[in-house]
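Student: Residue numbers (mature numbering (1 follows the signal peptide of the UniProt record, and there is no 0)): -24 to -1, 1 to 158. Don't be surprised by glycine CBs; every beta carbon is placed ideally from N, CA and C. The structure displayed is predicted, hence computed values, not measured ones.
#1: Could you spell out the range, first to last residue, of the alpha helix (DSSP H) harbouring residue 43?
#2: With a threshold of 8 Å, are at least 3 pairs of Cβ atoms found where one atom belongs to the region 105 to 117 and the other to the region 51 to 69?
#3: Shortest alpha-carbon distance to residue 15 belongs to which of 27, 21, 34 and 22?
#4: With residue 93 as the anchor, note down where its beta strand (DSSP E) starts and where it stops.
#5: Could you tell me which whole beta strand (DSSP E) segments of length 3 or greater appear in the region 65 to 96?
#6: Taking only three categories from DSSP, how would you classify residue 110?
#7: Examine the Cβ distances between the region 26 to 44 and the region 71 to 78 and report whether three or more of them are shorter than 8 Å.
#8: State the DSSP-derived secondary structure class of residue 59, mapped to helix, strand or coil.
#9: Measure the beta-carbon distance from residue 86 to residue 111 and round it to whole angstroms, keeping in mind my assumption that it falls under 8 Å.
#10: Does the Cβ of residue 161 have 16 or more other Cβ atoms within 10 Å, making it buried, or fewer, making it exposed?
#11: Hey, how far is the Cα of residue 114 from the Cα of residue 129?
#12: Using 8 Å as the threshold, is the C-beta distance between residue 61 and residue 22 below it?
#13: Which value, in whole angstroms, describes the spacing of the CA atoms of residue 36 and residue 17?
#14: Leaving out five residues before and five after residue 101 in sequence, what residues of the same chain have Cβ atoms less than 7 Å from its Cβ?
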C-alpha cells in the first residue's frame, strides 16, 4: 500500500517537473511524446559566424518525432527553421522560435518506381556520402547525376540552397527531387 502511494507520488512529481520545465521554457505546459528539446540552447554554423539561441532546439530521430515537434510549434504559435551541419553562411537557419537539427533523420531506401525507374528516398539529415554508398552498393550499382563533394553535406542542405555538382553539365541537386514529403 505504501509502495503504491510512493509510486503515485513519483509519477505525479515527474509529470509536475515536465510541466514546469515546459512552462518555464515557453512550451505552455504541452509535451507531445518526443517533442522534448535538447538542453543546449545555442547553435552555430560551421565557422561560428552565425550563432543563435532560439526558444528551443530539437534533434528528432524519426519522422514521428518531427511530426510531434510540428504539433508542438503549432500549439505554441512558434515557427520552425531547420539546420544540419551548418555549412552555410546564409541566414536560412536563423530563428528566435524553434530550431530543428535534422542530422539524426538519416534513413535511406532505394526502390524501383513504375514511372521513374530506380529512385532513392533519403531523409533530410542523410549525408550525401551515405546516399552515394547506398547507390554504389545497390544491385545494379547506381549514381547521382550531380557529382558533388559527398563527405560533409546533407541531403536537406544541398536541396535547400540549390547546390550543384562539380560538372558544368550537371544541374542543381534539387532538380533531381521527385517528391518532398512535408
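Tutor: If we stick to the structure as given:
#1: Here the question's residue 43 lines up with position 67 in the chain shown. First-last of the alpha helix (DSSP H) with residue 43: 39 to 51.
#2: No, the region 105 to 117 is not in contact with the region 51 to 69.
#3: Here the question's residue 15 lines up with position 39 in the chain shown. Ranked by Cα distance from residue 15, the options 27, 21, 34 and 22 are led by 34.
#4: As a working mapping, residue 93 is identified with position 117 in the chain shown. 93 to 98 is the span of the beta strand (DSSP E), which, as asked, contains residue 93.
#5: Segments of the beta strand (DSSP E) lying fully in the region 65 to 96: 74 to 77 and 84 to 89.
#6: Here residue 110 corresponds to residue number 134 of the chain shown, with the count starting at 1. DSSP, read as helix, strand or coil, puts residue 110 in helix.
#7: Taking one beta carbon from each stretch, the region 26 to 44 and the region 71 to 78 have 3 or more pairs nearer than 8 Å; the two touch.
#8: The sequence position of residue 59 within the chain shown is 83, counting from 1. Residue 59 falls in the strand class under three-state DSSP.
#9: The residue you call residue 86 lines up with position 110 of the chain shown. The residue you call residue 111 lines up with position 135 of the chain shown. Between residue 111 and residue 86 the Cβ distance is about 7 Å, and since that is below 8 Å, they are a contact.
#10: Residue 161 cannot be examined here, being either before or after the span of the chain that is shown, -24 to 158.
#11: Mapped onto the chain shown, residue 114 falls at position 138. Mapped onto the chain shown, residue 129 falls at position 153. Here the alpha carbon of residue 114 sits roughly 21 Å from the alpha carbon of residue 129.
#12: Taking the first residue of the chain shown as position 1, residue 61 is located at position 85. Taking the first residue of the chain shown as position 1, residue 22 is located at position 46. Result yes, Cβ atoms of residue 61 and residue 22 sit closer than 8 Å.
#13: Start at 1 with the first residue of the chain shown, and residue 36 comes out as number 60. Start at 1 with the first residue of the chain shown, and residue 17 comes out as number 41. Cα to Cα, the separation comes out at about 15 Å.
#14: Stepping through the chain shown from its first residue, residue 101 is reached at position 125. Excluding its 5 nearest sequence neighbours in each direction, residue 101 has C-beta neighbours in its own chain below 7 Å: 60, 78, 79, 80, 81, 82, 130 and 132, listed in chain order.
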